Amino acid sequence: MKRAKIKSLDAINKQVLRSRINIIMLIIFILFLILIIRLGYLQIVLGDTYQEQVENAQYVEINQSVPRGEIFDRNGNLLVGNTAEKAIYFTRHRNMSNFEIMNVAETLSTYISMETDRLSLRDKQDYIINNYPGELSAIMPEQVTLLENGGISQSDFNEDAYGIIDDEFADSVLNEEDLNIIAVYVEMVSASELNPVIVKSEGVTEEEFAKVNEDLDELAGISTGLDWQRTYPYDAALRTVLGEVSTNDEGLPRELVEYYQALGYSRNDRVGKSYLEFQYEDVLRGEKPQVKYTTDKSGRVTGEQTIKEGKAGDDLYLTIDIELQLELEKIAEHHLTGIRELAEEIVEMDEGKGDIDYTIIPEYIDTVQLVVQDPNNGDILAMVGKHINEDGDIVDYDYGTLTATYVPGSSVKGATVATGYQEEVLQAGETLVDEPMTFSGTDTVSSFFNRNDQVPVDDQRALMVSSNTYMFKIALAIMGEEYSRNMPLPTDVTSAGYALRNGLNQFGLGVSTGIDLPNEAIGLAPQLTNPMNYLYLSIGQYDTYTALQLSQYISTFAADGKRVQQHLAKEVRGSNANDKGPVLKSYGTNVLNTIPVTGDQMSQIKAGFYDVFNTHDEARDMYGTGWDAYHELEPKAAGKTGTAESFRDGDPVLNQTYLGYAPYDNPDMAFSIIFPTMPSTVPFFPAQFMGQDVIEKYYEIYYGQESKPLYNYDAGDFYTDLEYGSY
Numbered sequence: 001m002k003r004a005k006i007k008s009l010d011a012i013n014k015q016v017l018r019s020r021i022n023i024i025m026l027i028i029f030i031l032f033l034i035l036i037i038r039l040g041y042l043q044i045v046l047g048d049t050y051q052e053q054v055e056n057a058q059y060v061e062i063n064q065s066v067p068r069g070e071i072f073d074r075n076g077n078l079l080v081g082n083t084a085e086k087a088i089y090f091t092r093h094r095n096m097s098n099f100e101i102m103n104v105a106e107t108l109s110t111y112i113s114m115e116t117d118r119l120s121l122r123d124k125q126d127y128i129i130n131n132y133p134g135e136l137s138a139i140m141p142e143q144v145t146l147l148e149n150g151g152i153s154q155s156d157f158n159e160d161a162y163g164i165i166d167d168e169f170a171d172s173v174l175n176e177e178d179l180n181i182i183a184v185y186v187e188m189v190s191a192s193e194l195n196p197v198i199v200k201s202e203g204v205t206e207e208e209f210a211k212v213n214e215d216l217d218e219l220a221g222i223s224t225g226l227d228w229q230r231t232y233p234y235d236a237a238l239r240t241v242l243g244e245v246s247t248n249d250e251g252l253p254r255e256l257v258e259y260y261q262a263l264g265y266s267r268n269d270r271v272g273k274s275y276l277e278f279q280y281e282d283v284l285r286g287e288k289p290q291v292k293y294t295t296d297k298s299g300r301v302t303g304e305q306t307i308k309e310g311k312a313g314d315d316l317y318l319t320i321d322i323e324l325q326l327e328l329e330k331i332a333e334h335h336l337t338g339i340r341e342l343a344e345e346i347v348e349m350d351e352g353k354g355d356i357d358y359t360i361i362p363e364y365i366d367t368v369q370l371v372v373q374d375p376n377n378g379d380i381l382a383m384v385g386k387h388i389n390e391d392g393d394i395v396d397y398d399y400g401t402l403t404a405t406y407v408p409g410s411s412v413k414g415a416t417v418a419t420g421y422q423e424e425v426l427q428a429g430e431t432l433v434d435e436p437m438t439f440s441g442t443d444t445v446s447s448f449f450n451r452n453d454q455v456p457v458d459d460q461r462a463l464m465v466s467s468n469t470y471m472f473k474i475a476l477a478i479m480g481e482e483y484s485r486n487m488p489l490p491t492d493v494t495s496a497g498y499a500l501r502n503g504l505n506q507f508g509l510g511v512s513t514g515i516d517l518p519n520e521a522i523g524l525a526p527q528l529t530n531p532m533n534y535l536y537l538s539i540g541q542y543d544t545y546t547a548l549q550l551s552q553y554i555s556t557f558a559a560d561g562k563r564v565q566q567h568l569a570k571e572v573r574g575s576n577a578n579d580k581g582p583v584l585k586s587y588g589t590n591v592l593n594t595i596p597v598t599g600d601q602m603s604q605i606k607a608g609f610y611d612v613f614n615t616h617d618e619a620r621d622m623y624g625t626g627w628d629a630y631h632e633l634e635p636k637a638a639g640k641t642g643t644a645e646s647f648r649d650g651d652p653v654l655n656q657t658y659l660g661y662a663p664y665d666n667p668d669m670a671f672s673i674i675f676p677t678m679p680s681t682v683p684f685f686p687a688q689f690m691g692q693d694v695i696e697k698y699y700e701i702y703y704g705q706e707s708k709p710l711y712n713y714d715a716g717d718f719y720t721d722l723e724y725g726s727y
């Protein structure tokens with residue numbers, strides 16, 4: 001039998017060791033192979049990406065101020081400009097600690113003086129904690145001892161200090177030098193790496209600027225340059241509508257941070273935050289310069305190179321005519337104060353005579369709004385709002401033309417007639433009887449010109465005399481009803497209400513006008529659950545509208561049924577310091593919709609509007625409701641008046657509206673006027689004469705007509721009219 005070979009223990013150990021070495025070598029080989037593949041992937045596949053990231057890390061779009069674009073009126077008059085001012089900048093280098101920033105702030109504070117009124121208590125507390133340990137020992141000895149012995153952390157110590165240090169203690173400890181250092185530090189510490197922030201721009205003196213420039217080498221991260229501030233050559237004119245720009249301290253407004261950051265802005269960027277400055281931020285903002293920084297190993301900036309120069313924002317030209325705007329502001333103030341004084345005089349006269357039974361509260365006469373536009377292209381030529389505040393001062397309320405809504409009254413009746421045509425319940429020229437109307441369970445409703453009789457009127461005459469019951473009968477017909485005395489009204493007016501409101505909406509009433517401004521109010525359109533409210537809607541006594549909407553409404557008739565989008569921007573031009581820059585964009589006419597009525601139907605309504613201003617039917621003793629103020633105008637104008645019953649603080653008042661366009665046969669201007677909460681008198685105060693002055697001023701500026709004096713209110717004559725009711 002053959003004996004098996006038995007390996008020695010030593011041989012076995014050598015074999016095991018050899019196997020283990022082979023395994024280890026294999027693992028090492030595999031790891032090297034993986035490393036080589038990974039390096040190849042990073043270099044070959046992702047090499048371009050990482051190279052791009054490296055390059056991009058060297059290019060920084062810095063937050064150095066570039067001037068915003070300027071804003072001009074339609075004739076090239078500067079409305080919003082820029083003024084340059086000296087500025088001190090700070091650039092935080094990479095890895096720069098707050099302690100290092102404080103050292104720079106302490107040095108810089110010896111060069112410049114800062115405003116310290118706005119320093120917060122927290123800013124002062126932090127400075128005291130770091131610089132006044134002895135004073136802290138006097139008011140919080142236990143905490144100081146614990147901090148020194150390691151029994152309390154610095155963060156816990158700080159929290160205790162925040163609760164103990166109050167304004168009185170801070171003011172007793174800190175001197176003027178301390179406060180100046182804190183003010184400098186607060187501006188600097190908010191800076192992000194390699195992104196300059198303004199330490200001081202407003203009020204930098206020649207001496208401060210020169211001293212800082214001389215010692216820039218000793219001031220790490222400090223540089224000098226220019227900043228800009230907005231200027232307003234026409235002071236308060238259209239100030240709110242032009243909008244606001246955030247300050248250096250404010251940066252992105254809190255309520256707009258997410259919006260602007262989504263567009264790539266930095267937190268300390270200055271941006272438009274309201275109205276036109278906000279609406280056209282993309283046009284006005286400009287482009288920041290791009291700089292390539294060189295840093296040492298510690299992250300300190302050792303050099304910089306401008307890769308792309310900054311560029312001022314583009315200029316915005318508006319449709320506004322500032323000459324017309326200023327003249328109309330004077331007219332608005334004249335009539336607002338004139339009517340208020342008229343009311344005061346009449347109340348005083350009546351205290352002795354006692355002839356007036358109406359509520360006349362002069363303090364309620366405090367607001368007027370006016371819009372003038374080109375009805376053919378939607379250009380807004382002027383937006384005027386005036387308000388008398390509680391102190392009796394007149395303040396601008398231009399933005400109220402798009403944010404404040406009112407019940408307008410009969411001025412919307414043209415849209416009611418047009419809706420009757422569209423719903424095929426009314427023919428052009430159709431005659432209906434104006435008569436007092438009584439419905440089951442309601443009071444009698446009548447027209448101002450006819451309280452008791454039955455007077456046949458067609459659509460043209462119904463607009464001229466502002467027949468309420470003519471409009472009621474149109475609204476009833478839309479419901480499929482014909483009027484009979486004491487008739488019950490259908491309870492469900494949903495379908496008819498939709499049809500009537502849709503008819504009003506077509507003219508811009510109750511919908512957006514398309515104006516290029518934020519915060520436009522659409523108006524209130526409460527649910528029509530009461531059939532009488534549906535009827536009142538037909539005469540403008542239910543829904544509310546803005547002055548802009550009423551201007552678009554009357555302009556739609558002036559443009560033969562084309563509703564044109566309103567706009568303030570006329571064109572964008574490239575920035576040019578010496579002359580108008582090239583046109584980059586123009587804002588043309590945008591027709592939103594066309595009213596689906598025939599030419600004959602449109603002509604019938606416009607004839608009614610002409611009669612409102614120009615016709616006195618002596619045979620029937622009928623006057624257009626605007627005849628007193630407008631019939632002597634040349635060229636002729638046309639339009640509609642309105643009076644809506646309302647309440648203020650429980651007292652009955654009237655909202656008065658006056659709408660028109662001129663010249664009648666070829667209109668190039670349209671206007672809307674709202675006088676809210678006027679005295680609830682019958683006859684009412686003659687605010688319609690403001691419209692006369694508006695048209696005459698327009699004719700003076702655009703047609704070269706002779707300047708005419710503004711209408712003046714005579715309390716003696718008007719009191720007599722009130723007494724006898726002949727006005």
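Read in order, the letters of the sequence shown correspond to residues 1 to 727 in the UniProt record's numbering. Note that CB positions come from ideal geometry on N, CA and C, so glycine has one too. Fair warning: this is a prediction, and the values are worked out from it, not measured in the lab.
When only Cα atoms are considered, asparagine 450 and serine 466 end up about 10 Å apart.
Shown here, glycine 400 sits in a helix according to DSSP, grouped into three states. In the three-state DSSP reduction, histidine 335 falls in the helix class (H, G or I).
Measuring C-alpha to C-alpha distances from tyrosine 698 to each of Asp315, Leu108 and Val372 identifies Val372 as the nearest.
Burial state of asparagine 82 is buried, judged by a 10 Å Cβ sphere holding 16 or more other Cβ atoms. The alpha-carbon separation between glutamate 706 and glutamate 390 amounts to approximately 38 Å. Annotation note: the region 647–720 contains the following uninterrupted beta strand (DSSP E) runs of length 3 or greater, listed N- to C-terminal: 651–662 and 669–679. With a cutoff of 8 Å on beta-carbon distance, alanine 87 and valine 184 are scored as not near each other.
Taken through DSSP and simplified to helix, strand or coil, arginine 74 comes out as coil.
Nearest Cα to alanine 644 within the set Asn130, Thr677, Leu633 and Gly624: Thr677.
One alpha carbon belongs to isoleucine 474, the other to valine 417, and they sit about 7 Å apart. Assigned with DSSP and collapsed to three states, lysine 580 falls in coil, not helix or strand.
Between tyrosine 421 and valine 257, the CB-CB gap reaches or exceeds 8 Å. Note that the region 423–437 does not touch the region 515–526; fewer than 3 beta-carbon pairs, one per stretch, sit closer than 8 Å. In the structure shown, the three-state DSSP call for glutamine 565 is coil. With contacts defined as CB atoms closer than 8 Å, glycine 660 and phenylalanine 613 qualify as a contacting pair. Residue state for valine 66 is assigned as coil, using DSSP reduced to three classes. By the Cβ rule, the region 262–274 counts as touching the region 232–246, because three or more pairs are nearer than 8 Å.
In this structure the region 116–133 touches the region 179–198; the number of beta carbon pairs closer than 8 Å is three or more. With respect to the C-alpha of phenylalanine 557, the residue from Asn98, Thr494 and Met602 having the closest C-alpha is Met602. Segment contact: the region 385–401 against the region 582–591, fewer than three CB-CB distances shorter than 8 Å; contact not assigned. Under the 8 Å Cβ criterion, the region 569–579 counts as touching the region 306–320, having at least three qualifying pairs.
Counting along the chain, no beta strand (DSSP E) covers glutamine 154; the unbroken alpha helix (DSSP H) around it starts and ends at 154–164. Sixteen is the threshold: since fewer than 16 other Cβ atoms of the shown chains lie within 10 Å of the Cβ of aspartate 357, the residue is exposed.
A distance of 8 Å or more separates the beta carbons of arginine 68 and glycine 251. The criterion of a C-beta distance shorter than 8 Å is satisfied by glycine 608 and methionine 464. For aspartate 123, the enclosing alpha helix (DSSP H) covers residues 121–131. Secondary structure of threonine 306 (DSSP, three-state): strand. Residues Ile182 and Val186 of the same chain have their beta carbon placed closer than 7 Å to that of aspartate 123, with the five preceding and five following residues left out of the count. Rounded to whole angstroms, isoleucine 539 and serine 446 show a C-alpha spacing of 12 Å. One alpha carbon belongs to valine 189, the other to threonine 594, and they sit about 59 Å apart. Around the beta carbon of lysine 570, a 10 Å sphere encloses 16 or more other beta carbons of the protein chains shown; the residue is thus reported as buried. The distance from the Cβ of leucine 238 to that of leucine 381 is about 12 Å, inconsistent with a contact at the 8 Å cut-off. Contact between threonine 589 and glycine 378 is confirmed by a C-beta separation of about 6 Å, below the 8 Å threshold. Nearest neighbour of arginine 92 by Cα position, chosen from Pro526, Leu31 and Ser223, turns out to be Ser223. Assignment of beta-bridge partners to valine 212 by DSSP yields no partner.
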